[in-house]
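Enquirer: Before I ask anything, let me first share the structure, which is written out below as structure tokens.
Protein chains in written order, with our numbering: chain A, 96 to 528; chain B, 242 to 545.
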């Protein structure tokens, strides 16, 4: 009896120990594993494989989660001091906030190398308080894609591809209405980043409004000015009239366009690969990002960067990899080989342009030149602020509500009040630390 | 205690040498009890007690120039937090009676002799086996303005319904999704409860001329008092903690109409990084849940 009890107790103790130890992980081999938290499933395998081949005994584990979750997971895990993430993808406007929380290592000593390899906009995107905290991977721009077949069938003039042919929004909507009226498509216009500040900022600024944050540290919100309301009304109208769809998520927009349901799509270069894949290939075209009549031409810029976490136990090795994927032209080219976004590495950019032109030779003829002009003359960074996360969260929600039919003025006033409170609280919290 | 028990058992003063033996035996029992309890106690401390203490210490702003209660004063001065509490209250008042009534109705129906009862029970229980996130994604497609559900309404000659895009509809859509999963789950407890009620009561009452309706109110419902109390409390608590459907379907919108408190807390903690305010809001949620459950216990008639 006693023996049975002893063995039962021993089993129960053993299982507890096993249960507790199994939470700890660890593989007991000599292999070093670097974990990279990123929002781009399937995009980095080529660059990772190349690095692993060069560095025996190193394995890079890709933890890919959806775009929205990478922000939350970064906050939750790095905020709790998790040492399990060595490398993290960084959305540039969120950099200042991550730096303020001490999530990233200071990479300023590699500025000369960065200046050798990256375009200036790329370096700016990883700079906070005058220092560098990550390595830029890509830059970005938006274009006006159109359904060539639908436009031709509706007898609508095809937009030109060069920056001199840039259309106004007024003109785009007129053409979109004509295509819908002709019964060619269900919707006139969609956006692959609908409701998101990234895509809206150029439109807001083109109509004559500010970017929404002012003051010394960009901690004073200004989102209910007459110009903001004017843009809000425009955004509300295109959705309430049914010209642009309600209830369709950003992730579904490119598919909506390539299934022939929308005449125009405002989207990034990463959509090119998806549009060429399948029946829709070659029945589309691309034109420059539109602007408002009497307003300035404004285009979006910046894209993901890669940072090394301050909690990593393998800082040197993590840096070696991050530099390989960004500073090394071959590595940077591999890092952009799946997600067709333009690298900030100047050498890799040339290879990228060739790649895009191979993918869709006819449509992308003017791509390189247009990209250069937009980046140099029209691109505006998103506001750099420790309160950017609060700002973007509020604005994305506000424009989602406006798209669904909420009163524009009330929504923007509420957004202004909420941001006033949140950004003031942020300053209080910073004063405590 | 030990001595009294020993005296009562033997009826006369025990032999002196038995005393230490009994004490040793009891100590032995206590030791084994301790060893058997240890895994649960360790897990309780790690998974319940420690996070609770952490939430307290995060919520109270020690060393802040703004005062120790500043996180609480911040959330209580935030209209979004009050809106979230209000929405959670409305949600709870609607969804809990609805789910329990449906679960009870289905449980009664599926314990009757109806054809293919196993098939119906499996179909009703099936959504429980689907992860919440997956079912929310399926509903996201169903609820699209040009999705299958509106295809049906249009085919019936009705106008399209703005399931997730209009404040008046969105909370109802969340209730539908949560109930699709919840009703089958809670039904299983009530089915088991109905099986426990002696059949003789139904037979006797039908000899006395009681119809199905009277049997339901006077035999089934009183007989189900204990499983019903469990379902009521557990369902209420789980509905206070709804998160995944809101995150995937509406993100608290449109216009804050589905901003249930758990989503509000998560957003504060993991999107905005304000763990202090999130912990304060969590403590408020705990107080609300305990208060509601206490009221439910008081309202449930009869005590064992």
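Ideal Cβ positions, reconstructed from N, Cα and C, are used throughout, including at glycine.
Hey, is the stretch 291-298 of chain A in contact with the stretch 408-422 of chain A, meaning 3+ C-beta pairs nearer than 8 Å?
Expert: no
Enquirer: Check whether the Cβ of residue 121 of chain A lies closer than 8 Å to any Cβ atom in chain B.
Expert: On the first chain, residue 121 of chain A is found 26 positions in, with the first residue counted as 1. Because the pLDDT at residue 121 of chain A is just 44, under 50, the model does not fix this residue reliably, and the value given afterwards should be weighed accordingly. No, because no Cβ of chain B sits closer than 8 Å to the Cβ of residue 121 of chain A.
Enquirer: Determine the burial state of residue 427 of chain B: buried for a count of at least 16 other Cβ atoms within 10 Å of its Cβ, exposed for fewer.
Expert: Within the second chain, residue 427 of chain B is the residue found at index 186, counting from 1. By the 10 Å Cβ count, residue 427 of chain B comes out buried.
Enquirer: Does residue 376 of chain B get closer than 8 Å to chain A when you measure Cβ to Cβ?
Expert: Here residue 376 of chain B refers to the residue found at position 135 of the second chain. By this cut-off, residue 376 of chain B is not an interface position.
Enquirer: Where do the ends of the alpha helix (DSSP H) carrying residue 420 of chain B lie?
Expert: For the purposes of this step, residue 420 of chain B is taken as the residue at position 179 of the second chain. 408-437 is the span of the alpha helix (DSSP H), which, as asked, contains residue 420 of chain B.
Enquirer: Closer than 8 Å, CB to CB, is residue 520 of chain B near chain A or not?
Expert: Here residue 520 of chain B corresponds to residue number 279 of the second chain, with the count starting at 1. No, residue 520 of chain B does not count as interfacial toward chain A.
Enquirer: Using 8 Å as the threshold, is the stretch 370-377 of chain A in touch with the stretch 412-426 of chain B, meaning 3 or more CB pairs across them?
Expert: no
Enquirer: Compute the distance between the beta-carbons of residue 287 of chain A and residue 232 of chain A, then report whether it is under 8 Å.
Expert: Locating residue 287 of chain A in the first chain gives position 192, where the first residue counts as 1. Locating residue 232 of chain A in the first chain gives position 137, where the first residue counts as 1. At a Cβ-Cβ threshold of 8 Å, residue 287 of chain A and residue 232 of chain A do not count as neighbours.
Enquirer: State the Cα-Cα distance for the pair residue 469 of chain B and residue 431 of chain B, rounded to the nearest angstrom.
Expert: As a working note, residue 469 of chain B is residue 228 in the second chain. As a working note, residue 431 of chain B is residue 190 in the second chain. The alpha-carbon atoms of residue 469 of chain B and residue 431 of chain B are separated by roughly 7 Å.
Enquirer: Return helix, strand or coil for residue 314 of chain A, following the three-state DSSP convention.
Expert: What you label residue 314 of chain A is simply residue 219 of the first chain in a count that begins at 1. In the structure shown, residue 314 of chain A adopts coil according to DSSP, grouped into three states.
Enquirer: When you compare the CB positions of residue 128 of chain A and residue 149 of chain A, do they come within less than 8 Å of one another, or not?
Expert: The residue labelled residue 128 of chain A in the question sits at position 33 within the first chain. The residue labelled residue 149 of chain A in the question sits at position 54 within the first chain. Here residue 128 of chain A is not near residue 149 of chain A, since their CB atoms are 8 Å or more apart.
Enquirer: Of all the CB atoms in chain A, is at least one closer than 8 Å to the CB of residue 406 of chain B?
Expert: Locating residue 406 of chain B in the second chain gives position 165, counting from the first residue. At least one chain A Cβ lies under 8 Å of residue 406 of chain B.
Enquirer: For the pair the stretch 254-271 of chain A and the stretch 394-410 of chain A, tell me if three or more CB-CB distances fall below 8 Å.
Expert: no
Enquirer: Residues of chain A with a CB under 7 Å from the CB of residue 315 of chain B: which are they?
Expert: Position 74 of the second chain, counted from the first residue, corresponds to residue 315 of chain B. Going along chain A in sequence order, the residues near residue 315 of chain B (Cβ under 7 Å) are 520.
Enquirer: Taking the continuous beta strand (DSSP E) assigned at residue 478 of chain B, which residues delimit it?
Expert: For the purposes of this step, residue 478 of chain B is taken as residue 237 along the second chain, with counting starting at 1. Residue 478 of chain B -> not in any beta strand (DSSP E); alpha helix (DSSP H) instead, spanning 466-481.
Enquirer: Taking a cut of 9 Å between CB atoms, which residues from the stretch 499-531 of chain B lie near chain A?
Expert: 507, 508, 510, 511, 512, 513, 514, 515, 516, 517 and 518
Enquirer: Would a check of beta-carbon distances place residue 492 of chain A closer than 8 Å to chain B?
Expert: Position 397 of the first chain holds residue 492 of chain A. Under the Cβ distance rule, residue 492 of chain A counts among the residues neighbouring chain B, one pair being separated by less than 8 Å.
Enquirer: Tell me which same chain residues have a C-beta within less than 6 Å of the C-beta of residue 394 of chain A, skipping the five on either side of it?
Expert: The residue labelled residue 394 of chain A in the question sits at position 299 within the first chain. The answer, listed in chain order, is 236, 297, 384, 469, 473 and 474.
Enquirer: Please report whether the beta-carbon of residue 379 of chain B lies at a distance below 8 Å from any beta-carbon of chain A.
Expert: The count along the second chain starts at 1 and reaches residue 379 of chain B at position 138. No, no contact with chain A.
Enquirer: To which residues of the same chain is residue 392 of chain A closer than 6 Å at the C-beta, ignoring the five residues directly before and after it?
Expert: Along the first chain, read from residue 1 onward, the residue named residue 392 of chain A stands at position 297. For residue 392 of chain A, where only same-chain residues beyond five positions count, the Cβ hits under 6 Å are 386 and 473.
Enquirer: By the three-class DSSP mapping on this structure, what secondary structure does residue 462 of chain B have?
Expert: The residue you call residue 462 of chain B lines up with position 221 of the second chain. Correct three-state label for residue 462 of chain B: helix.
Enquirer: Quick one: what's got a C-beta closer than 7 Å to residue 102 of chain A's C-beta in the same chain, skipping five residues either side?
Expert: Residue mapping note: residue 102 of chain A aligns to position 7 of the first chain, counting from 1. Residue confidence is low: residue 102 of chain A scores 49 on pLDDT, short of 50, so the model does not pin down where it sits. Its coordinate-derived value is still stated next. Here the set comprises nothing.
Enquirer: For residue 507 of chain B, which residues in the same chain have their Cβ closer than 7 Å to its Cβ, ignoring the five residues on either side in sequence?
Expert: Stepping through the second chain from its first residue, residue 507 of chain B is reached at position 266. Counting only Cβ-Cβ distances below 7 Å, and skipping sequence neighbours, we find 484.
Enquirer: Give a yes or no on whether the minimum CB-CB distance between residue 340 of chain A and chain B is below 8 Å.
Expert: Taking the first residue of the first chain as 1, we reach residue 340 of chain A at position 245. It does: the Cβ of residue 340 of chain A has a partner Cβ on chain B nearer than 8 Å.
Enquirer: By DSSP, does residue 182 of chain A sit in helix, in strand, or in coil?
Expert: For the purposes of this step, residue 182 of chain A is identified with residue 87 of the first chain, where counting begins at 1. Here residue 182 of chain A sits in strand by DSSP.
Enquirer: Return the CA-CA distance between residue 474 of chain B and residue 465 of chain B, expressed in angstroms with no decimal places.
Expert: Working through the second chain from its first residue, we reach residue 474 of chain B at position 233. Working through the second chain from its first residue, we reach residue 465 of chain B at position 224. Approximately 14 Å, taken between the alpha carbons.
Enquirer: Chain C partners of residue 151 of chain A, CB-CB under 8 Å?
Expert: Considering every chain present, this structure includes no chain C. Its protein chains are A and B.
Enquirer: Chain B beta carbons: is any one of them nearer than 8 Å to that of residue 81 of chain A?
Expert: Given a span of 96 to 528 for chain A in the structure shown, any question on residue 81 of chain A remains unanswerable.
Enquirer: DSSP has residue 190 of chain A in a bridge; who is on the other side?
Expert: As a first step, residue 190 of chain A is located in the first chain; it is residue number 95 there, counting from the start. DSSP output for residue 190 of chain A lists no bridge partner at all.
Enquirer: Is the Cβ of residue 394 of chain B closer than 8 Å to any Cβ of chain A?
Expert: Residue mapping note: residue 394 of chain B aligns to position 153 of the second chain, counting from 1. Chain A contact via Cβ: absent.
Enquirer: Hey, quick one: how far does the beta strand (DSSP E) through residue 329 of chain A stretch, first residue to last?
Expert: Position 234 of the first chain, counting from 1, holds the residue named residue 329 of chain A. Per DSSP, residue 329 of chain A belongs to no beta strand (DSSP E); it is in the alpha helix (DSSP H), 321-335.
Enquirer: What are the start and end residues of each continuous alpha helix (DSSP H) run of 4 or more residues lying completely inside the stretch 343-425 of chain A, in chain order?
Expert: Qualifying alpha helix (DSSP H) stretches, in chain order: 345-353, 365-371 and 410-421.
Enquirer: What are the partner residues of residue 168 of chain A, as DSSP defines its beta bridges?
Expert: In the first chain, the residue the question calls residue 168 of chain A occupies position 73. Looking at the DSSP assignment, residue 168 of chain A forms no beta bridge with any residue, so it has no partner.
Enquirer: List the residues of chain B that residue 513 of chain A touches, going by C-beta distances under 9 Å, in chain order.
Expert: Translated into positions along the first chain, residue 513 of chain A becomes position 418. Result: 319, 320 and 321.
Enquirer: Could you name the residues of chain B that residue 196 of chain A contacts, counting a contact when the two beta carbons are closer than 9 Å?
Expert: On the first chain, position 101 is the one that residue 196 of chain A refers to. Near residue 196 of chain A (Cβ distances below 9 Å), the residues of chain B are 514.
Enquirer: Check whether the stretch 424-444 of chain A touches the stretch 128-143 of chain A, counting contact only when three or more Cβ pairs, one atom from each stretch, lie closer than 8 Å.
Expert: yes
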